[in-house]
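Some notes on the structure that comes next.
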Amino acid sequence: MLQGNLQKFADIRPKRIILRGSPGQTIKAQVEITPRIKYPFKIISAMATQRKYIKFSIADAKKSNSGSYVLTVENLKKEIGRYNDVIYLKTDSKLRPAIPIYVIGNILSIPSNREK
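Counting in full-length UniProt numbering, the sequence shown runs from 1 upward without gaps.
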């Protein structure tokens with residue numbers, strides 16, 4: 001049995017990306033990644049495992065001296081259906097060389113007789 005305190009390496013909000021909407025709609029989401037003071041790191045690059053249904057970019061957050069990053073992910077899927085992907089953020093940390101960000105896509109049809 002393992003015991004002890006588990007310390008967070010970074011604050012990641014939200015923990016996963018859920019892209020939900022209808023075909024033809026612009027569907028985007030953002031995740032903010034903030035290194036903990038005790039475990040500073042820089043994000044060097046980002047790579048998705050499948051890259052078929054998403055595009056993404058990473059940028060420094062505009063907060064003063066926070067060291068935060070913002071990952072923006074956009075849906076590319078044009079048809080109804082679901083998908084999963086993982087974006088790996090490569091860091092300069094030996095403690096945590098990669099941070100996985102899980103992406104879930106759910107492209108739904110909108111009923112034509114939808115009530116307003």
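All residues carry an ideal CB built from backbone N, CA and C; glycine is no exception. A quick note: this is a predicted structure, and the numbers were derived from the prediction, not measured.
> Can you list the beta strand (DSSP E) stretches of 3 or more residues lying completely in the stretch 69-94, in chain order?
Replying inline: Under the rule that a run must span 3 or more residues, the beta strand (DSSP E) segments found entirely inside the stretch 69-94 read 69-75, 81-91.
> Taking the C-alpha atoms as reference points, what is the distance between I12 and E32?
Replying inline: 6 Å
>> When you compare the CB positions of V103 and I17, do they come within less than 9 Å of one another, or not?
In response: In contact: V103 and I17 (Cβ atoms closer than 9 Å).
>> Considering only their Cβ atoms, is the gap separating L76 from Y53 smaller than 9 Å?
In response: yes
> Is D60 buried or exposed, if buried means 16 or more other CB atoms sit within 10 Å of its CB?
Replying inline: exposed
> Under 9 Å between the Cβ atoms of V73 and Q7?
Replying inline: no
>> Residues in the same chain with beta-carbon distance under 7 Å from S66, minus the five sequence neighbours each way, listed in chain order, please.
In response: T34
> Span of the beta strand (DSSP E) holding Y102?
Replying inline: Unbroken beta strand (DSSP E) run through Y102: 98-107.
>> Considering just the uninterrupted stretch of the beta strand (DSSP E) at F56, what are its terminal residues?
In response: 54-60
>> Helix, strand or coil, according to DSSP, for Q30 in the structure here?
In response: strand
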